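In this note's numbering, the protein residues as written are -9 to 173.
As structure tokens, this is what we get:
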């Protein structure tokens, strides 16, 4: 607090403690993003499913990298995901679940209504995982695929790859519940 030039008494008065300040900061960062996302999702809903997937993925990659969200907000989110303090518990329902529900519905539109719900949710998690990896794993990716070091990895290139890869996987999902058979 001292390094930031913050008055500890003011922090305690308004936020109870450092954790309260952290929660308020996290809440405000995500409130702004959530409002922007609602407009984007409304625009996407009129697109055919495959184009909607491309738009969703591009939006996610852009959200994790450049957009109007400042870098500290993205770092704050990823730190909370890897070193949880509990602040995401309440935020999950208000901010994260609506995105997830939107993506699961989109995967269902592509895979078909007969696809098991668990398979749909795993697909949604896989898509988000790819977005996060391509954005935050770039240093490692460039070491594993050296050709990419000199190739601009723009949002569009990443989004196109994730979309095509994910669409191929979704189209080939089994359309029945897995059994306990180990045959």
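Even glycine gets a Cβ: it sits at the ideal position worked out from N, Cα and C. Quick caveat, the model's predicted, so the values are computed rather than measured.
**Asked** In whole angstroms, what is the alpha-carbon distance linking residue 47 and residue 118?
**Response** Counting from one through the chain shown, the residue named residue 47 turns up at place 57. Counting from one through the chain shown, the residue named residue 118 turns up at place 128. Taking the straight line from one Cα to the other gives about 8 Å.
**Prompt:** Going along the chain, which residues of its own chain have a beta-carbon closer than 8 Å to the beta-carbon of residue 81, five neighbours each way excluded?
**Reply:** On the chain shown, residue 81 is found 91 positions in, with the first residue counted as 1. Counting only Cβ-Cβ distances below 8 Å, and skipping sequence neighbours, we find 16, 17 and 20.
**Message:** Can you find the residues in the same chain that come closer than 6 Å, C-beta to C-beta, to residue 185, ignoring five residues on each side of it along the sequence?
**Reply:** Limits of the chain in this structure are -9 at one end and 173 at the other, which puts residue 185 out of reach.
**Item:** Assigned exposure category for residue 129 - 16 Cβ within 10 Å defines buried
**Value:** Mapped onto the chain shown, residue 129 falls at position 139. Looking at its Cβ environment, which holds fewer than 16 other Cβ atoms inside 10 Å, residue 129 is exposed.
**Request:** With a floor of 4 residues, list each alpha helix (DSSP H) that falls wholly inside the segment 57 to 125, ordered by position along the chain.
**Result:** 61 to 72, 78 to 81 and 87 to 101
**Asked** Any idea if residue 75 is buried or exposed, counting beta-carbon neighbours within 10 angstroms, 16 or more meaning buried?
**Response** Residue numbering aside, residue 75 sits at position 85 when the chain shown is read from its first letter. Residue 75 comes out exposed.
**Message:** Taking 7 Å as the cut-off, is the C-beta of residue 35 nearer than that to any heavy atom in the ligand SAH?
**Reply:** Of ligands this structure carries none, so the ligand SAH is not represented either.
**Asked** Could you check where the alpha helix (DSSP H) with residue 15 kicks off and where it finishes?
**Response** Residue mapping note: residue 15 aligns to position 25 of the chain shown, counting from 1. Residues 8 to 34.
**Prompt:** Is residue 113 near residue 160, with beta carbons less than 8 Å apart?
**Reply:** By 1-based counting over the chain shown, the position of residue 113 is 123. By 1-based counting over the chain shown, the position of residue 160 is 170. Contact flag set, yes.
**Request:** Can you give me the Cβ contacts of residue 94 inside the same chain, cut-off strictly under 7 Å, excluding the 5 residues immediately before and after it?
**Result:** Taking the chain shown and counting its residues from 1, the one referred to as residue 94 is at position 104. Closer than 7 Å at the Cβ level, and outside the excluded window around residue 94, lie 110, 111 and 114.
**For residue 134, the first and last residue of its enclosing alpha helix (DSSP H)** = Translated into positions along the chain shown, residue 134 becomes position 144. Residue 134 -> alpha helix (DSSP H) spans 128 to 134.
**Item:** Cα-Cα separation, residue 96 to residue 69
**Value:** Here residue 96 refers to the residue found at position 106 when the chain shown is read from its first residue. Here residue 69 refers to the residue found at position 79 when the chain shown is read from its first residue. Going by the C-alpha atoms only, they are around 28 Å apart.
**Prompt:** Rounded to a whole number of angstroms, what is the C-alpha to C-alpha distance between residue 77 and residue 40?
**Reply:** In the chain shown, residue 77 corresponds to position 87, counting from 1. In the chain shown, residue 40 corresponds to position 50, counting from 1. For residue 77 and residue 40, the distance between alpha carbons rounds to 34 Å.
**Item:** Contact under 8 Å by Cβ, residue 105 with residue 157
**Value:** In the chain shown, the residue the question calls residue 105 occupies position 115. In the chain shown, the residue the question calls residue 157 occupies position 167. No, the pair does not count as a contact, with Cβ atoms beyond the cut-off.
**Enclosing alpha helix (DSSP H) for residue 146 [first to last residue]** = Here residue 146 corresponds to residue number 156 of the chain shown, with the count starting at 1. Residues 145 to 161.
**Closest by C-alpha distance to residue 64, when choosing among 150, 137 and 122** = Locating residue 64 in the chain shown gives position 74, where the first residue counts as 1. The residue with the shortest Cα to Cα distance from residue 64 is 122.
**Asked** Are the beta-carbon atoms of residue 23 and residue 125 separated by less than 8 Å?
**Response** Residue 23 sits at position 33 when you count from the first residue of the chain shown. Residue 125 sits at position 135 when you count from the first residue of the chain shown. Cβ atoms of residue 23 and residue 125: not closer than 8 Å.
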